[in-house]
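*Asks:* Taken in order, these protein sequences are the chains called A and B.
All the letters of the first sequence, read from the start, carry residue numbers 1 to 288 under the UniProt record's numbering.
All the letters of the second sequence, read from the start, carry residue numbers 1 to 532 under the UniProt record's numbering.
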Amino acid sequence: MSEVHHGSYYVPHSSVWPIVGSVGLFTTMLGGANWLNGHSNTLFIIGLSIMIVMLFGWFGTVIRESEGGFYNAQMDRSFRWGMSWFIFSEVMFFAAFFGALFYAREFALPWLGGSAESKFGTHEFLWPNFETHWPTNGPGFVGGSFEVMGAWGLPAINTLILLSSGVTVTWAHWGLLKNNRRQLIIGLAATVALGFLFVTLQAIEYSHAYQHMNLKLSTGIYGSTFFMLTGFHGLHVTMGAIILSVVLFRSIAGHFTAEKHFAFEAAAWYWHFVDVVWLGLFVFVYWL
Amino acid sequence: MSATTAHDTHHDDHAAPRGLMRWLTTTNHKDIGTLYLLFSLTMFFVGGSFALVIRAELFQPGLQIVNPHFFNQMTTMHALVMIFGAVMPAFVGLANWLIPMMVGAPDMALPRMNNWSFWIMPFAFTLLLSTLFMDGGGPAGGWTLYPPLSLQTGAAFPFVILSIHMMGVSSVMGAINVIATILNMRAPGMTLMRMPLFVWTWLITAYLLIAVMPVLAGAVTMLLTDKYFGTSFFNAAGGGDPVMFQHIFWFFGHPEVYIMILPAFGIVSQIIPTFARKPLFGYASMVYATASIAFLSFIVWAHHMFTVGMPLAGELFFMYATMLIAVPTGVKVFNWVATMWRGSMTFETPMLFAIAFVVLFTIGGFSGLMLAIAPADFQYQDTYFVVAHFHYVLVPGAIFSIMAAAYYWLPKWTGHRYDEKLGRLHFWCSAIGVNVLFFPQHFLGLAGMPRRIPDYALQFTEFNMISSVGAFMFGFSQLIFLYVVIKCIRGGEPAGDRVWEGAHGLEWTLSSPPPHHSFQTPPEIKEAEAHS
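1. Counting beta carbon pairs with one atom in the stretch 249-263 of chain B and one in the stretch 191-211 of chain B, are three or more of them shorter than 8 Å?
2. List the residues that DSSP assigns as beta-bridge partners of B:Gly207.
3. How about the stretch 501-519 of chain B and the stretch 413-424 of chain B: do they share at least three Cβ pairs that are nearer than 8 Å?
4. Step through the CB atoms of chain A and report whether any lies within less than 7 Å of the CB of B:Met77.
5. For the alpha helix (DSSP H) that contains B:Pro375, what are its first and last residues?
6. Would you say A:His255 faces chain B, with C-beta separation under 7 Å as the test?
7. State yes or no: is the beta carbon of B:Met102 nearer than 7 Å to at least one beta carbon in chain A?
8. Where does A:Tyr71 fall in DSSP's three states?
9. Output the distance between the C-alpha atoms of B:His11 and B:Lys487, rounded to the nearest integer angstrom.
10. In chain order, what residues of the same chain lie with their CB nearer than 8 Å to the CB of B:Met465, ignoring the 5 residues before and after it?
11. Tell me the DSSP secondary structure of B:Leu20 in three-state form.
12. Between the stretch 70-79 of chain B and the stretch 134-150 of chain B, do at least 3 Cβ pairs fall closer than 8 Å?
13. Tell me which residues share the same chain as A:Phe97 and place their Cβ nearer than 6 Å to its Cβ, disregarding the 5 neighbours each side in the sequence.
14. Which first and last residues belong to the alpha helix (DSSP H) in which A:Gly220 is found?
15. What does the Cβ neighbour count give for B:Arg186, buried or exposed, with the cut at 16 atoms within 10 Å?
16. Taking just the CA atoms, how far does B:Thr25 sit from B:Pro17?
17. Which residues of the stretch 483-510 of chain B have a Cβ closer than 8 Å to any Cβ of chain A? Give them in chain order.
18. B:His303: beta carbon under 6 Å from a heavy atom of the ligand NAD?
19. Does the distance from the CB of B:Arg112 to the CB of B:Thr181 come in under 7 Å?
20. I believe B:Gly397 touches B:Ala264 by the beta-carbon criterion, under 8 Å. Please report the beta-carbon distance rounded to the nearest angstrom.
21. Going by DSSP, which residues form a beta bridge with B:His416?
22. Leaving out the 5 sequence neighbours to the left and right, which residues in its chain are closer than 8 Å to A:Leu25 when beta-carbon positions are compared?
23. Looking only at its own chain, which residues have a Cβ that is under 8 Å from the Cβ of B:Gly365, when we skip the five neighbours before and after it?
24. Rounding to the nearest angstrom, what Cα-Cα distance links A:Trp152 and A:Phe282 in this structure?
25. Thinking C-alpha only, which one of A:Trp35, A:Glu65, A:Ser84 is nearest B:Tyr207?
26. Is B:Pro214 close to chain A, meaning its C-beta is less than 7 Å from at least one C-beta of that chain?
27. So, helix, strand or coil for A:Tyr10, using DSSP?
28. Under 8 Å: do the stretch 120-131 of chain B and the stretch 151-166 of chain B share three or more Cβ pairs, one atom per stretch?
29. Give the straight-line distance between the Cα atoms of residue 533 of chain B and B:Met473, rounded to the nearest whole angstrom.
30. Near B:Val387, what residues of its chain come up, given a Cβ to Cβ distance below 6 Å and the 5 sequence neighbours on each side ignored?
31. Quick check: the Cα distance between A:Ser89 and A:Ser40, rounded to an integer number of angstroms?
32. Three or more C-beta pairs under 8 Å: does that hold for the stretch 338-356 of chain B against the stretch 292-299 of chain B?
33. Measuring CA to CA, which of A:Ser165, A:Ile204, A:Gly175, A:Val276 is closest to A:Thr191?
34. Judging by CA-CA distance, which residue of A:Ile63, A:Glu205, A:Phe56 is the nearest neighbour of A:Leu154?
35. Leaving out five residues on either side along the sequence, give the residues of the same chain with a beta carbon under 7 Å from the beta carbon of B:Val169.
36. Who does B:Pro450 pair with in a DSSP beta bridge?
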């Protein structure tokens, strides 16, 4: 791993963007906390705006340095490690919510229903009539009666959309490797379009759930796990689509070569990651 | 465009901003390491003053100084500040200073992100500490934030949760940087199994951080939505379960414990060979033991919740898995002792702290083994025995290793020798103080005194008094450390490159203080000089 050292590792100058990011993050969090406490959301919005400015400034600098040829193969590997481990951290974030779903279904609910291995008394003393089933909003019927989101309508279509977008982004990558700009740009544009189509269909599904199914974030453990898992996933798809859009604009501007295009690959990795998470969601949240 | 490669530093020095802007915008691993260490020292005193409030109140039974609600805020904030503000940033600061020098790199792999990881921290703690001044006060339900109690926190709640999110973001970025640096920036010949143990332990720690900080983020996010958005994750009426929080929290929490001790193992493994003037005994076994501890840390979490109501199979599994950790930990302790065996030992301050670490951490390890026995834990759960246990591994464990590291590398960082006499005074005051402080707490716990309680039954008075005396002794001894550090930064006898005659490793081949970019051309690593 340590063959390609020639003593000219790129060390960037001091940069103003991280501290701008810290101030932005602080303002966002302070504003968010105030908002949750019932005050105005002005600070929150100001904070987010600072964060957006920071992202433009920081990534702008990195893109200029990259196009200026400052990055050697070793720098490229640092970026690769960075992105891989970032995606791993995201996997673990989703693992917490999947863990909550599995724990509720495999342990908490059977015990609430008085299953044989539970000797904890919750069932007997609090809710003797509760029988375990899934989906449920619990023995307290939190949120009232609701309809269950089926797997084979919009969610199945969304699965096809995301899987197809995985194909288009790979096709775009082949285009880039063959120096075929047209294929690169068409493939990326199709991926971005599929991504935003997915998010739109999710929004339609959510609004249907809220308006016609009485299925809400507050619908017991089913509503909680359903909306938190699909919601965070939707947020990640949106971010992935924005990242791919940036890569698309850079491709149109003539960035990337067949040999050096880490930003493209990072975006594609991220896209495949949200794709895989979706498959988990489709199986465990919608289907089983 | 302003840019430089590592070999033209003179250009770099011209353009570098000065004054406050230098520190706000720095991308230099040494500047950022210094910032981390100074931040950690500040938080050490802040968290320490909270601890002294606790010990002052517990000096005698009854309520004298603070009301119970404020007492609970102190126990909660003491833990949050010490864990996330003192111990973790100290290790990140050491990683920043040392890893590039130890692997022969010019800087960290991702220097701008390095700056961001640090500068999130002061803002996160501003958010957290500000809650003490709010109506209803800060969080008072314990640092573990168990629902439903923690959900009764007032206006402070979202501030606490969001500050924890910020600390998590900082930790994950810091850890990614460490891994990228270790995997990608090693000098030619610095193979993985030639890396100094501090680097190895940090590689594994960074992996743990990336694996579990997001899980904590998930857990506290669920708390936030349970409180503000009507979700039922931890509400049995909605089909959730408050115990589920404990499972998710401790899935983070137990690896977190090792996040705070593995770098300490690394530090001690650097220092003991230097002052025993012998190579580390069993280098490879140290690496494998560290990896085994990290692996086991993921499958032992429920030993924190033996009394919560788990099926028997769960109790047994977590009990035996926990006891397994004693095996790799025993390997480590054996190796440190074997390194000292027949060495020509001298007892400078870093070595004193390192030896105290080996002895006192082992006491904490043994009490941990007692707590691992599920039926016995039913008696010890939530008593002062638990408090004594984890303070033995965290104070004469983690904190002593950080002190040892500070004394060991201060001459390298500043170019000056520290005041050895005062260093030894600091050590003896700390070592005696910490035992007077925490050893009686074992007895209190075994006799049944519960933790997180501002008042207690009369029969606990004597040991509490002794413990409080030890607390003030230990606390005020740390002012000696502060004085030694300031004195050493301001001046002193020149340290020379190889500060300690028995020291091995790349950092000692650099000048003291080291140049702006540590290694401008990668050094060639020979087998003999590989690790100490």
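Ideal Cβ positions, reconstructed from N, Cα and C, are used throughout, including at glycine.
*Replies:* For this structure:
1. The stretch 191-211 of chain B vs the stretch 249-263 of chain B: in contact.
2. On the second sequence, position 207 is the one that residue 207 of chain B refers to. In the sequence as displayed, the identity of residue 207 of chain B is Tyr instead of Gly. None; B:Tyr207 has no bridge partner.
3. yes
4. The residue given as residue 77 of chain B occupies position 77 in the second sequence. No, B:Met77 does not count as interfacial toward chain A.
5. The sequence position of residue 375 of chain B within the second sequence is 375, counting from 1. 374-380 is the span of the alpha helix (DSSP H), which, as asked, contains B:Pro375.
6. By one-based count along the first sequence, residue 255 of chain A stands at place 255. Output row for A:His255: interface = no.
7. The sequence position of residue 102 of chain B within the second sequence is 102, counting from 1. No - not a single Cβ of chain A is within 7 Å of the one on B:Met102.
8. Locating residue 71 of chain A in the first sequence gives position 71, counting from the first residue. It is coil, neither helix nor strand.
9. Counting from one through the second sequence, the residue named residue 11 of chain B turns up at place 11. Counting from one through the second sequence, the residue named residue 487 of chain B turns up at place 487. Since pLDDT at B:His11 reaches only 43, below the 50 mark, its modelled position is unreliable, and no value is offered.
10. Stepping through the second sequence from its first residue, residue 465 of chain B is reached at position 465. Cβ neighbours of B:Met465 beyond the five flanking positions: Phe59, Gln60.
11. Taking the first residue of the second sequence as position 1, residue 20 of chain B is located at position 20. The answer is helix: DSSP assigns B:Leu20 an H, G or I state.
12. yes
13. For this step, residue 97 of chain A is matched to residue 97 along the first sequence. These residues qualify, in order along the chain: Met228, Leu229.
14. Along the first sequence, read from residue 1 onward, the residue named residue 220 of chain A stands at position 220. Note, A:Gly220: alpha helix (DSSP H), 220-252.
15. Position 186 of the second sequence, counting from 1, holds the residue named residue 186 of chain B. So B:Arg186 ends up on the buried side.
16. Residue 17 of chain B sits at position 17 when you count from the first residue of the second sequence. Residue 25 of chain B sits at position 25 when you count from the first residue of the second sequence. Cα-Cα distance, rounded: 8 Å.
17. none
18. As for the ligand NAD, it is missing from this structure, which has no ligand bound.
19. In the second sequence, residue 112 of chain B corresponds to position 112, counting from 1. In the second sequence, residue 181 of chain B corresponds to position 181, counting from 1. Going by C-beta atoms, B:Arg112 is not nearer than 7 Å to B:Thr181.
20. Counting from one through the second sequence, the residue named residue 397 of chain B turns up at place 397. Counting from one through the second sequence, the residue named residue 264 of chain B turns up at place 264. Confirmed, Cβ separation roughly 6 Å.
21. The count along the second sequence starts at 1 and reaches residue 416 of chain B at position 416. Paired residues: B:Pro494.
22. Indexing the first sequence from 1 puts residue 25 of chain A at position 25. For A:Leu25, where only same-chain residues beyond five positions count, the Cβ hits under 8 Å are Gly47, Met51.
23. Taking the second sequence and counting its residues from 1, one reaches residue 365 of chain B at position 365. Once the five neighbours on either side are set aside, the close Cβ partners of B:Gly365 are Ala326, Thr329, Val333, Val393.
24. Locating residue 152 of chain A in the first sequence gives position 152, counting from the first residue. Locating residue 282 of chain A in the first sequence gives position 282, counting from the first residue. Distance between the alpha carbons of A:Trp152 and A:Phe282 is about 10 Å.
25. On the second sequence, residue 207 of chain B is found 207 positions in, with the first residue counted as 1. Looking at the Cα atoms, A:Ser84 is the closest of the given residues.
26. Residue mapping note: residue 214 of chain B aligns to position 214 of the second sequence, counting from 1. At least one CB atom of chain A sits nearer than 7 Å to the CB of B:Pro214.
27. For the purposes of this step, residue 10 of chain A is taken as the residue at position 10 of the first sequence. Strand.
28. yes
29. The first residue shown for chain B is 1 and the last is 532, placing residue 533 of chain B beyond what the model contains.
30. In the second sequence, residue 387 of chain B corresponds to position 387, counting from 1. Cβ-Cβ distances below 6 Å link B:Val387 to Gln441, Arg451 in the same chain, with the five nearest sequence neighbours on each side left out; the list follows chain order.
31. As a first step, residue 89 of chain A is located in the first sequence; it is residue number 89 there, counting from the start. As a first step, residue 40 of chain A is located in the first sequence; it is residue number 40 there, counting from the start. Cα to Cα, the separation comes out at about 32 Å.
32. no
33. On the first sequence, residue 191 of chain A is found 191 positions in, with the first residue counted as 1. Among A:Ser165, A:Ile204, A:Gly175, A:Val276, the Cα nearest to that of A:Thr191 is on A:Ser165.
34. Within the first sequence, numbered from 1, the residue matching residue 154 of chain A stands at position 154. Out of A:Ile63, A:Glu205, A:Phe56, A:Glu205 has the C-alpha closest to the C-alpha of A:Leu154.
35. If you number the second sequence from 1, residue 169 of chain B lands on position 169. Answer for B:Val169: Ile120, listed in chain order.
36. What you label residue 450 of chain B is simply residue 450 of the second sequence in a count that begins at 1. B:Thr383.
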